[in-house]
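Chains as they are written, first to last, in this note's numbering: chain A, 7 to 130; chain B, 3 to 574.
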Amino acid sequence: MTPLRVLFVDDEEELVSTVVERLGMRRIEARGATSGLAALAEVKEKEFDVVVLDVRMPGLGGLDVIKRLKDSHPDLEVILLSGHGAREDVEVGLRLGAFDYLQKPVDIEDLIEIIRRAAAGVSS
Amino acid sequence: MTHAPDALLHEAAEGAEARPYLAGRNYGRLRRRVVLATAAVSILPLVIMTFLYYDQYERSLGAEAIATVTRQLTNNKRALEFFLTERRSALSFVVRDRSFSELCDPETLPRIMKNLNASFALGSFADLGIIDESGLQLCYTGVYNLKGRDYHEQDWFDRVSRRGVFISDVFLGYRNSPHFAIATRHERDSGGYYILRATINADILAEQIQTAGLTPHDDVFLVNRSGVLQTPSRRQGAVFKSVALSIPEATLEVHVLDQEDERHQPIVLGLVQIADSPFTLVWIRSRVGAEGGGVTLPRLLAFLLISTALILGVILWGSRQFVANLRAENLRRAELMHKVEYSNKLATVGRLAAGVAHEINNPLTIINEKAGLLKDLIDREPEFPLREKVLGIVGSVLGSVARCRKVTHRLLGFARHMDVQSEAIDVEALLKEVVGFLEKEAEYRNITIKVEGQSDVPAIESDRGQLQQVFLNILNNAEAAVKDGGHIDVGVRLTQDRRIAVFVADDGVGIPPENLGRIFEPFFTTKEGSGTGLGLSITYGIVQKLGGEITVESEVGKGTRFTVLLPLRREE
Chain A
7 MTPLRVLFVD DEEELVSTVV ERLGMRRIEA RGATSGLAAL AEVKEKEFDV
57 VVLDVRMPGL GGLDVIKRLK DSHPDLEVIL LSGHGAREDV EVGLRLGAFD
107 YLQKPVDIED LIEIIRRAAA GVSS
Chain B
3 MTHAPDALLH EAAEGAEARP YLAGRNYGRL RRRVVLATAA VSILPLVIMT
53 FLYYDQYERS LGAEAIATVT RQLTNNKRAL EFFLTERRSA LSFVVRDRSF
103 SELCDPETLP RIMKNLNASF ALGSFADLGI IDESGLQLCY TGVYNLKGRD
153 YHEQDWFDRV SRRGVFISDV FLGYRNSPHF AIATRHERDS GGYYILRATI
203 NADILAEQIQ TAGLTPHDDV FLVNRSGVLQ TPSRRQGAVF KSVALSIPEA
253 TLEVHVLDQE DERHQPIVLG LVQIADSPFT LVWIRSRVGA EGGGVTLPRL
303 LAFLLISTAL ILGVILWGSR QFVANLRAEN LRRAELMHKV EYSNKLATVG
353 RLAAGVAHEI NNPLTIINEK AGLLKDLIDR EPEFPLREKV LGIVGSVLGS
403 VARCRKVTHR LLGFARHMDV QSEAIDVEAL LKEVVGFLEK EAEYRNITIK
453 VEGQSDVPAI ESDRGQLQQV FLNILNNAEA AVKDGGHIDV GVRLTQDRRI
503 AVFVADDGVG IPPENLGRIF EPFFTTKEGS GTGLGLSITY GIVQKLGGEI
553 TVESEVGKGT RFTVLLPLRR EE
């Protein structure tokens with residue numbers, strides 16, 4: 007079975023590296039990006055099944071990134087990470103095509119569960 | 003004991019000295035000041051003006067009385083002097099025109115008197131007599147038989163003998179009837195003299211002075227130099243009585259003065275001496291009652307009293323209205339200010355909470371992931387030294403992260419609660435849903451939760467999620483307050499003013515009075531270590547946002563009852 011390819015995007019480098027490592031331990035091919043632009047560059051360069059995207063980031067924000075990703079890769083599933091509880095942003099993200107959202111801090115098993123569902127195209 | 007935010011606002015409004023509205027007890031002081039100031043500026047001028055007016059009125063009345071008395075006295079003096087002079091001149095003419103023998107002729111003297119009386123329509127002579135120098139009446143004509151009477155001992159005889167002409171006081175004389183005499187001495191050619199004497203009935207004097215213009219308050223009479231009445235007086239009595247009044251010495255000039263009568267009543271007294279006579283003409287006008295239908299002091303005082311009472315009544319009523327309106331307005335302002343203050347506080351806390359939650363969430367996420375990674379690594383190494391102890395520590399870190407997450411989620415919820423969605427909600431069904439969340443805990447602690455609705459309660463248009471949070475917060479509190487085996491009653495009904503009332507009553511520990519006023523304040527909690535102090539504050543904010551009210555009644559040891567009043571439709 008081909009491992010899932012996941013891009014984890016957050017402006018906290020410590021978080022990105024840790025989550026990528028933990029996903030890797032669970033046989034998920036994970037890469038990290040610490041900005042919106044870096045994420046777009048990764049997606050342009052490599053193929054991913056799911057992108058986990060922080061809504062609020064300095065520079066290019068999560069909502070801008072999802073809009074561009076959906077323009078260029080309509081089939082790519084995006085899961086939003088919201089750390090500030092701004093329901094409006096999450097709602098906009100969902101309208102822009104996000105698969106689902108999770109509130110920080112997340113449980114790794116919950117994250118993997120939602121990644122698997124997104125990859126399989128099974129909504130909750 | 004009942005406490006609602008509005009009730010607290012009233013207390014705050016009345017108790018806050020430093021605020022720009024008055025404390026309760028100051029309204030009484032303000033009202034007293036308003037009454038005093040208004041009464042002073044309205045009643046004082048009235049009193050001053052009334053007494054000034056009365057004084058002016060008195061003065062003009064006095065001046066008028068003096069002018070009237072002066073005029074009357076002048077006229078009467080002139081008339082009386084003319085009357086006396088006329089008769090005296092007539093007698094002088096007669097005594098000069100006729101010889102003694104002619105005068106004493108039994109036919110001549112009666113004819114002369116007849117002619118004289120025919121000439122004087124008023125004040126006829128009563129008799130005429132010729133008296134020789136020894137005082138013996140030699141000839142006489144008249145209604146009495148006085149021929150041969152001797153007058154040499156009488157005062158008038160002495161005086162006329164010395165002066166030549168004399169008008170006597172009024173006296174009774176031989177005839178025993180009040181009369182006065184006019185006598186004139188005539189020198190005989192042969193030496194010696196004789197006197198022509200005429201008497202006039204004294205009534206004529208009274209008729210002469212009782213002129214037009216005499217009012218019921220006037221008293222006019224003649225007195226002689228000894229103060230004995232020569233004509234009857236209304237107040238002083240009949241002829242020959244001495245006047246009780248002190249009358250100053252008269253002169254030929256009219257003299258009028260203000261003084262008091264024998265009963266100490268104010269009068270205007272006028273007097274004048276009638277020339278060549280013993281008579282003083284006196285005119286008294288009483289000041290009491292002389293105002294007639296005009297202004298009297300008692301009437302004026304009654305007017306003043308009634309006016310003052312009316313003004314005071316209006317002032318008291320007006321000041322009461324004014325202070326009541328001011329108080330209501332101040333309370334309204336205080337409530338508004340307090341609400342604004344409260345909203346601002348909530349908004350500030352909301353922003354602060356969101357900021358704190360956001361800032362804490364990121365490191366919390368990293369801690370969570372790092373601890374998770376540590377756990378993953380240990381799991382991969384079965385031989386890891388102190389494996390169980392380290393896994394326990396990692397579990398404790400992850401548990402603490404989970405607790406922190408709860409707090410940050412609540413804080414974020416607090417910041418979020420301002421937005422409202424509307425939909426039709428069956429409140430009873432919603433309450434049952436919320437109670438469902440708490441059932442497990444209730445079962446575990448043997449707590450009975452009853453939900454009772456009424457059939458006439460309509461669905462309301464409101465925000466489902468926010469209402470769930472409201473009732474969840476209240477029910478959570480109730481569940482925390484009751485002991486194991488306690489009871490919580492939840493009810494919903496339609497109020498008379500067409501609102502939905504939801505009550506949550508527990509038989510728990512109750513809230514002490516000193517805390518009751520603070521339970522809706524952000525960060526106020528009695529759950530040491532486990533409460534954020536945001537639950538009821540969030541609840542209060544949401545209920546306000548939904549256009550409702552929340553009140554709480556509580557008694558320590560008996561329980562607490564929250565009542566949430568919601569409109570059927572939320573006003574935008």
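We treat Cβ as the ideally placed atom computed from N, Cα and C, and that holds for glycine.
Owing to the predicted nature of the structure, the values given are computational and were not obtained by experimental measurement.
Environment of V56(A) [buried if 16+ CB atoms lie within 10 Å]: buried
Any Cβ of chain A within less than 8 Å of the Cβ of G374(B)? yes
Out of curiosity, what's the CA-to-CA distance linking I286(B) and V222(B)? 6 Å
With a Cβ-Cβ cutoff of 8 Å, do L538(B) and I521(B) count as a contact? yes
Let me see if you follow: with CB-CB separation under 8 Å, is R34(B) close to chain A or not? no
In three-state terms, what does DSSP make of Q139(B)? strand
V493(B) lies in the beta strand (DSSP E); which residues open and close that run? Residue identity check: residue 493(B) is Gly in the sequence provided, not Val. Taken as a continuous stretch (DSSP letters only), the beta strand (DSSP E) holding G493(B) covers 489-496.
Determine, using beta carbons only, whether I114(A) comes closer than 8 Å to chain B. yes
For the structure I just gave you, are there three or more beta carbon pairs, one from the segment 115-123 of chain B and one from the segment 79-99 of chain B, closer than 8 Å? yes
Any beta-carbon of chain A closer than 8 Å to the one on L465(B)? Before going further, note that residue 465(B) is Asp rather than Leu in the sequence given. Closer than 8 Å: no.
Any chain B beta carbon closer than 8 Å to T24(A): yes
To which residues does DSSP link G144(B) through a beta bridge? D129(B)
Please state the DSSP three-state secondary structure of Q323(B). helix
Determine the direct distance from the alpha carbon of Q212(B) to that of Q74(B), and round the result to whole angstroms. 10 Å
State yes or no: is the beta carbon of L69(A) nearer than 8 Å to at least one beta carbon in chain B? no
With 16 other Cβ atoms within 10 Å as the buried cut-off, status of P111(A): buried
Less than 6 Å between C-beta atoms, sequence neighbours within five positions excluded: which residues of the same chain meet that for T450(B)? H489
R28(A) versus chain B: which residues are under 9 Å apart at the beta carbon? E371, G374, L375, D378
Does any C-beta atom of chain A lie closer than 8 Å to the C-beta of T367(B)? yes
Does the separation of the CB atoms of I313(B) and I45(B) fall below 8 Å? yes
Are any of the Cβ atoms in chain B nearer than 8 Å to that of P111(A)? yes
Would W319(B) be called buried (16 or more neighbouring beta carbons within 10 Å of its own) or exposed? exposed
Going by the beta-carbon positions, is the gap between Q261(B) and L271(B) smaller than 8 Å? yes
Does any residue of chain A bring its CB to less than 8 Å from the CB of R407(B)? yes
Can you tell me whether A200(B) is buried or exposed? The criterion is at least 16 other CB atoms within 10 Å of its CB, across all chains shown. buried
How many Å lie between E18(A) and N478(B) at the Cα? 36 Å
Would you mind working out which of P47(B), L259(B), D509(B), T350(B) sits nearest A69(B), comparing C-alpha positions? L259(B)
Pick out the complete alpha helix (DSSP H) segments inside the segment 150-208 of chain B, 4 residues or longer, and give them in chain order. 157-165
Nearest-angstrom Cβ-Cβ length linking T24(A) and L375(B), presumed shorter than 8 Å: 5 Å
Cβ neighbour criterion (16 or more within 10 Å) applied to D152(B): exposed
Candidates P180(B), V511(B), D134(B), D499(B): closest to G2(B) by CA position: In the structure displayed, chain B extends from 3 to 574; residue 2(B) sits before or after that span and is not available.
Between E97(A) and chain B, is the shortest Cβ-Cβ distance under 8 Å, so that the two count as touching? no
Closest Cα partner of E568(B) within the set E516(B), N346(B), P460(B): Reading off the sequence, residue 568(B) comes out as Leu, not Glu. Per the Cα distances, P460(B).
Given that a residue counts as buried once 16 or more other Cβ atoms are within 10 Å of its Cβ, and exposed if not, what is D458(B)? exposed
Helix, strand or coil at I502(B) according to DSSP, with G and I counted as helix: strand
Tell me which same chain residues have a C-beta within less than 8 Å of the C-beta of L48(B), skipping the five on either side of it? L306, S309, T310, I313
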